[in-house]
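Enquirer:
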Amino acid sequence: MILEQQVSVASAQAAFDRLVVAIGAPTPPGFLTLDDVQLRATGFSRQKAGYARDLATALLDGFDLDALAGLSDDVVRAELVRHRGIGRWTADVYLTMCLLRPDVWPHGDQALATAAMEVADLP
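In our numbering, the protein residues as written are 197 to 319.
(1) State buried or exposed for Val205, treating a residue as buried only when at least 16 other CB atoms are found within 10 Å of its CB.
(2) Exposed or buried, which one is Pro298 when buried takes at least 16 other CB atoms within 10 Å?
(3) Is Ala263 helix, strand or coil when you go by DSSP?
(4) Could you work out which residue in Ala316, Trp285 and Val315 is closest to Leu199 when comparing CA atoms only?
(5) Considering only residues of the same chain and omitting the five flanking positions on each side of Leu251, which have a CB-CB separation below 6 angstroms?
(6) Tell me which residues share the same chain as Leu261 and place their Cβ nearer than 6 angstroms to its Cβ, disregarding the 5 neighbours each side in the sequence.
(7) Please classify Arg249 as buried or exposed, where buried requires at least 16 neighbouring CB atoms within 10 angstroms.
(8) Roughly how many angstroms lie between the CA atoms of Trp301 and Gly246, to the nearest whole one?
(9) Quick check: Leu276 and Tyr290, are their CB atoms within less than 8 angstroms of each other?
(10) Is it right to say Thr223 is buried, meaning 16 or more other beta carbons lie within 10 angstroms of its own, or is it exposed?
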């Protein structure tokens, strides 16, 4: 979800695809093998590379994404936003897309709000 922050879905997907070419299926140890130049070549900004490295390290240190599935939305948000580079929007997108929580709306996502209005044929 870090890659999707403030970019188009197509841009995030292209960067993810380049990451897969570089390391295969993304894993924390695999991600941490890449240096700054390699991460820039895949499409990570310096800032996003740092955030993703921090998250990869947290996962290796025991942060368990699978355990989040059994927690309330508010607790999941709190657990996620403890990590540098993960804010409310990213936590809400994780809840919506990864944990399939139907009652979560990514806070401040104007593109999603506009798309929903178009689908519902609202002005």
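Each residue gets a CB set at the ideal place from its N, CA and C atoms; glycine is no exception.
Expert: Looking at the coordinates:
(1) Within a 10 Å sphere around the beta-carbon of Val205 sit fewer than 16 other beta-carbons, which makes this residue exposed.
(2) exposed
(3) helix
(4) Trp285
(5) His279
(6) none
(7) Buried: at least 16 other Cβ atoms inside 10 Å.
(8) 26 angstroms
(9) yes
(10) exposed
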